[in-house]
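So the sequence shown is numbered by this note's numbering: it starts at 53 and just counts up by one. Where a beta carbon is used, it is the ideal one built from N, C-alpha and C, also for glycine. These figures come from a predicted structure and were not determined experimentally.
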Amino acid sequence: MSFNLRAAIMQNITGNSADEVEATIVDAVQSGEEKMLPGLGVLFEVYWNQASEQEKQQVVNEISKGLQ
């Protein structure tokens with residue numbers, strides 16, 4: 053049996069409002085639970101796929117600064 057985690061996460065969040073997406077992100081970050089990481093990864097992928105090159109570079113720079 054094959055389970056597509058990405059598709060399941062997308063199904064759960066598709067149609068969510070900006071407030072609901074924010075609440076999902078805040079909850080995942082605040083909880084610190086590893087089980088939330090795939091969902092954050094899918095949200096990041098959604099962002100990355102629609103971001104401009106300038107937005108992508110800004111995100112990369114901010115993440116790099118946070119890792120120092």
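Sequence-distant residues of its chain with Cβ nearer than 6 angstroms to residue i (five each side left out)
i     : result
Glu72 : none
Residue closest to residue i, alpha-carbon to alpha-carbon, out of the options
i      : options                       : result
Ile115 : Asp79, Phe96, Ser104, Asn101  : Phe96
Ile61  : Pro90, Val81, Ala75           : Pro90
Gln63  : Leu119, Val98, Lys117, Gly118 : Val98
Counted within 10 angstroms of its Cβ, other Cβ atoms place residue i as buried (16 or more) or exposed
i     : result
Gly93 : exposed
Contact set for residue i: own chain, Cβ-Cβ below 8 angstroms, skip 5 residues either direction
i      : result
Ile77  : Leu92, Leu95
Ala103 : Val111
Cβ-based neighbour list, residue i, same chain, cut-off 7 angstroms, excluding 5 preceding and 5 following
i      : result
Leu57  : Pro90
Glu105 : none
Nearest-angstrom beta carbon gap, residue j and residue i [assumed within contact, 8 angstroms]
i      : j      : result
Lys108 : Trp100 : 7 angstroms
Could you name each continuous alpha helix (DSSP H) segment of 4 residues or more that falls completely within the region 56-120, going from the start of the chain to the end? 57-65, 70-83, 89-102, 105-118
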